[in-house]
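What follows is a single structure, written as structure tokens, with notes after it.
Residue numbers (UniProt numbering): 1 to 1015.
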């Protein structure tokens, strides 16, 4: 009888054995082990482990060591073994061999795949994997402190599990003792089986790790690939993340501390922020040529799918071979082969389509009613994952969501309980969603109610329409003010946006079914408002036809949007209102999605000589000057009448265009009277120009809403010493807490106190002292050299030991502001305010495009004349003005280098005098008492401060300072006024005088379309 293996007989249920990968009979052949029988009965006593292999003719083979131990006598006639040994007398009884049966289910590898037994070898999977190009990199943010956590208290079972984990992983080589400066704590979580899983708390490490942006696939996209498949095989990788090594040299960063010592990981662990992206990249690259053809992968879950059984076997073999080639192993107990339906990523997948996981459906039925907000959020998060199966999800989830809105205390209402029970019921009666077929026409049913919109995507199956997907959501507060026509159209638009990947470029025209007959004329409508025009452009991407059907034919979409229990008491809340333009906040032109060049102010084209020449020829005053003969200060250049070499602009559109060009556009910056006058007078002139510029600036609606009103502070000024040359004394400060824009949230502002030249530097957060030094090196030192003195606030960047030591080495005098007195660094504070004012004027509604505006804002600031120096920072620093727009009159004069040097020296001497004079003026004006504000009477129009008003925009710093104007309808006392506000604001209309600003004469925003509502 051949000897196939050795093993130990045990009287307990858990045998101790070492599983071989091959069985070796005496004939010299080698048989692969493909499974294990762990519970083979031997009469009434004891259990043994049997390895399963391909041996013909014999169901069980007993080896010589077993026979020697038991020493049986064989009765061939009775087919019995008789045991006479002392061992058997004490332990064994007569056993009928033919009655040996399996008492537990056994997971085996199908015979047709048995050649790939090594892919499922558990012992091989425990080997340390080699380094690959896909090793997990852990790149830390420069200058960030190394994380070091504290030991967590562990229970006795957890300590024993920790000991076993360390011993096992040290033996496998997955971890090693460490002397790393980093140390993350460990803790345990319970698996579904009740066993303990060790988890390293890498949160502190993840906070300073640069993220891997490799994307995980969308589950909906993966499931779409399964259309037409009839056979499935599911594979699960053994070890998963442990199959990937930590990049060599980064192991110390993974160090974790325990009571048994400090260890670091050599393989990728769960909990590292870059682990999912790294692993997805790893498996995607390995199986790149198989993906979406017959294989989809989500992390360590593999699903092989095929249209027939014959091709499926080949597909599975190809995947198993690829696993073998790359040293990857699957977990046999979690694999399933040649299935007609399979549970994958929370869905039941079959040739008929998608349905919900039955296990999760039963879990919903047992779900108790929530008792707090967190439990509500947990239920809605679970239910939302399956909302595509629920045809009226928004309808029933709305009362549940209402229980957690705002800051109100939690209260579980009767309506919430009704919605909760109805959702549980719908989970048990969900339809099977058909896989969308691009070879079959699509039908979209859409409908809207006063509170929600809904849609169904369908395709024909035989003689009826079968659902492919459901969609619903609640309307926002502004959307509830839409007309019925717009709400119905919004439902169609939302459906097209949601299913764009199926509908855009569809092979057949899309049929849209609606119960609103007027929508049939969408493409032939002659009058559309601006919102409808934008939507019409969106619809041009799709080939569709709108058909009117009766409400009964759209009952699925209708159910998605209807909510009968909310019909009562809704009229006042959702009444449509026609608002006047002054009731809108100043926001972005066109759509609210950010683009690099989006602006709230239209940018006029540059003035051309032909345009000005034509207007001068039609202007009587200009022609009189020409007929009288040109005398100083008038002259004629290139056929244009000039005053002191400034081109004369006649009354009419030219002046309006000039004012807009030098005040409204981004390079101009929406600055005040002084800077706007200086900018215009560089090239243009007309009589009474100051009066026109003053009126234009004072009535600019963007300036009125965006600029902070500045009152003169009390107390005497003590100015800093005046520098003697450019970039001798500079100041620096940060503008923080800005909404993310291109990854930046902070701006470093650096200003030269002599020329007032400024640099605006974006940062991806508040930098450390070392990072701040790097920014100065890159943006200041390379252009201007080292300063003599640096004026800053008392931020940690400027008070750290590193910064102080650096300044001492470089010979820079540090001047810190007084505590709680930022006026010490008044120059930078004022520059910050100017920059914020500029961004408020041009930033979009989401406030996420300010990083694109920094270059233009720096140009506008440095090109604007300073009141203290009477020159622009650019001219004071470089000795010439930059080109702002194409010159109207070409000049060919090129000054000699000596003349330019003398002129620049003279300019800097003049700056010294003007700076000293400006400081005297500032001191004199700052010492005066505050003056009373302008009188406000009933009937006046005023702007309202947004200081205490709620805002839906991301950042207060970039929000409008005032809204309106609104009429004053009553004066309740000398300092309290009542305003006529739109009903949509829903706030008390009585305000203190300090929050109001007279607005008579402010121009309406006629140049821009109405933006979204502020409230």
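Ideal Cβ placement from N, Cα and C applies to all residues, glycine included.
Just so you know, these numbers come straight off a predicted model, no measurement behind them.
Practice task
Return helix, strand or coil for residue 772, following the three-state DSSP convention.
Solution key: DSSP, read as helix, strand or coil, puts residue 772 in helix.
Exercise for the section: Rounded to whole angstroms, what's the CA-CA distance from residue 783 to residue 249? Just pull it up for me. Expected result: So the two alpha carbons sit approximately 37 Å from each other.
Exercise for the section: Could you tell me which uninterrupted beta strand (DSSP E) segments, each at least 3 residues in length, are contained entirely in the stretch 672-710, listed from first to last along the chain? Expected result: Within the stretch 672-710, no run of beta strand (DSSP E) reaches 3 residues while sitting entirely inside it.
Exercise for the section: Let me know the alpha helix (DSSP H) ranges lying completely inside the stretch 385-464, each 4 residues or longer, listed in chain order. Expected result: Runs found: 393-402, 414-428.
Practice task
Would you mind giving the Cβ-Cβ distance between residue 727 and residue 769, rounded to the nearest angstrom? I have them listed as a contact below 8 Å.
Solution key: Under the criterion of beta carbons closer than 8 Å, residue 727 and residue 769 do not qualify as touching, at roughly 21 Å.
Problem - Enclosing alpha helix (DSSP H) for residue 318 [first to last residue] - result: For residue 318, the enclosing alpha helix (DSSP H) begins and ends at 309-325.
Problem - residue 752 - DSSP class collapsed to helix/strand/coil - result: When secondary structure is reduced to three states using DSSP, residue 752 falls in the strand class.
Problem - Where residue 444 falls, given that 16 or more other Cβ within 10 Å makes a residue buried - result: Of the other Cβ atoms in all chains shown, 16 or more fall within 10 Å of the Cβ of residue 444; this residue is therefore buried.
Problem - Backbone CA spacing between residue 700 and residue 660 [nearest angstrom] - result: Per the coordinates, the alpha-carbon of residue 700 lies some 10 Å from the alpha-carbon of residue 660.
Practice task
Tell me residue 260's beta-bridge partners as DSSP assigns them.
Solution key: According to DSSP, residue 260 bridges with nothing at all.
Problem - Sequence-distant residues of its chain with Cβ nearer than 8 Å to residue 565 (five each side left out) - result: With a pLDDT of 31 at residue 565, under the threshold of 50, the modelled position of that residue is not reliable, and the figure given next carries that caveat. Result list for residue 565: 399, 415, 418, in chain order.
Exercise for the section: Just mark residue 300 as buried or exposed, buried being the case when its beta carbon has 16 or more other beta carbons within 10 Å. Expected result: Using a 10 angstroms sphere on the CB of residue 300, the tally of other CB atoms reaches 16 or more, which defines it as buried.
Practice task
May I ask you to verify whether the stretch 255-264 touches the stretch 162-173, counting CB pairs closer than 8 Å and requiring at least 3?
Solution key: In short, these stretches touch, since the Cβ pair count reaches three.
Exercise for the section: Quick one: which unbroken beta strand (DSSP E) runs of 3-plus residues sit fully inside the stretch 476-527? Chain order, please. Expected result: Runs found: 510-514.
Exercise for the section: If I'm right that residue 980 touches residue 967 with Cβ under 8 Å, what's the distance once you round it to whole angstroms? Expected result: With 8 Å as the limit, residue 980 and residue 967 qualify as a contact, their Cβ atoms being about 5 Å apart.
Handout entry: Given 8 Å, three or more beta-carbon pairs between the stretch 855-873 and the stretch 656-670
Key = Here the stretch 855-873 lies against the stretch 656-670, with 3 or more beta-carbon pairs under 8 Å apart.
Problem - Any chain D beta carbon closer than 8 Å to residue 268 - result: Of the protein chains in the structure, only one exists, and it is not chain D.
Exercise for the section: Report yes or no: do the stretch 346-356 and the stretch 220-237 share at least 3 C-beta pairs separated by less than 8 Å? Expected result: With the cut-off at 8 Å, the stretch 346-356 and the stretch 220-237 touch.
Practice task
Taking only the alpha-carbon atoms, compute the straight-line gap between residue 892 and residue 607 and give it to the nearest angstrom.
Solution key: In this prediction, residue 892 scores a pLDDT of 47, lower than 50, which makes its location untrustworthy; the coordinate-derived value is nonetheless stated afterwards. Going from the Cα of residue 892 to the Cα of residue 607 covers about 20 Å.
Practice task
Could you name each continuous alpha helix (DSSP H) segment of 4 residues or more that falls completely within the stretch 612-661, going from the start of the chain to the end?
Solution key: Within the stretch 612-661, the alpha helix (DSSP H) runs of at least 4 residues that lie entirely inside it are, in chain order, 620-627.
Handout entry: Backbone CA spacing between residue 219 and residue 492 [nearest angstrom]
Key = The alpha-carbon atoms of residue 219 and residue 492 are separated by roughly 24 Å.
Practice task
Answer yes or no: do residue 304 and residue 283 have a C-beta to C-beta separation smaller than 8 Å?
Solution key: The Cβ-Cβ distance between residue 304 and residue 283 does not fall below 8 Å.
Practice task
Give the secondary structure of residue 937 by DSSP, where H, G and I count as helix, E and B as strand, and everything else as coil.
Solution key: In the three-state DSSP reduction, residue 937 falls in the coil class, being neither helix nor strand.
Exercise for the section: Report the rounded CA-to-CA distance for residue 462 versus residue 370, giving the unit in angstroms. Expected result: Roughly 43 Å between the two C-alpha positions.
Exercise for the section: Let me know the secondary structure DSSP gives residue 975 once reduced to three states. Expected result: For residue 975, the three-state secondary structure derived from DSSP is coil.
Exercise for the section: Would you kindly work out how many angstroms separate the C-alpha atoms of residue 647 and residue 773, rounded to a whole number? Expected result: Those two C-alpha atoms are separated by around 47 Å.
Handout entry: Beta-carbon contacts of residue 959 that lie in its chain and below 6 Å, excluding the five residues immediately before and after
Key = Closer than 6 Å at Cβ, skipping near neighbours: 951, 953.
Handout entry: Run of the alpha helix (DSSP H) containing residue 224, from where it starts to where it stops
Key = Element bounds for residue 224: 219-224.
Handout entry: Contiguous alpha helix (DSSP H) assignments of at least 4 residues, all confined to the stretch 150-233
Key = Considered as a whole, the stretch 150-233 harbours 156-172, 203-207, 219-224 as its complete alpha helix (DSSP H) runs of no fewer than 4 residues, in chain order.
Problem - Candidates 520, 759, 390, of which the one nearest residue 424 by Cα - result: Out of 520, 759, 390, 390 has the C-alpha closest to the C-alpha of residue 424.
Exercise for the section: Express the C-alpha separation of residue 436 and residue 221 in angstroms, rounding to a whole number. Expected result: Going from the Cα of residue 221 to the Cα of residue 436 covers about 11 Å.
Problem - residue 200 beta carbon less than 8 Å from that of residue 256 - result: Going by C-beta atoms, residue 256 is nearer than 8 Å to residue 200.
Practice task
Can you give me the Cβ contacts of residue 1037 inside the same chain, cut-off strictly under 6 Å, excluding the 5 residues immediately before and after it?
Solution key: Residue coverage of the chain in this structure runs from 1 to 1015, which leaves residue 1037 outside it and unanswerable.
Problem - Three-pair Cβ contact test at 8 Å for the stretch 114-132 versus the stretch 337-347 - result: The stretch 114-132 makes no contact with the stretch 337-347, as fewer than three CB pairs between them are under 8 Å.
Problem - 8 Å contact criterion, which residue 731 and residue 828 should meet: CB distance rounded - result: Right, the Cβ-Cβ distance comes to about 4 Å (below 8 Å), so this counts as a contact.
Exercise for the section: Take the Cβ of residue 865 as the centre, count every other Cβ of all protein chains shown within 10 Å, and call the residue buried at 16 or more, exposed below. Expected result: Label assigned to residue 865: buried.
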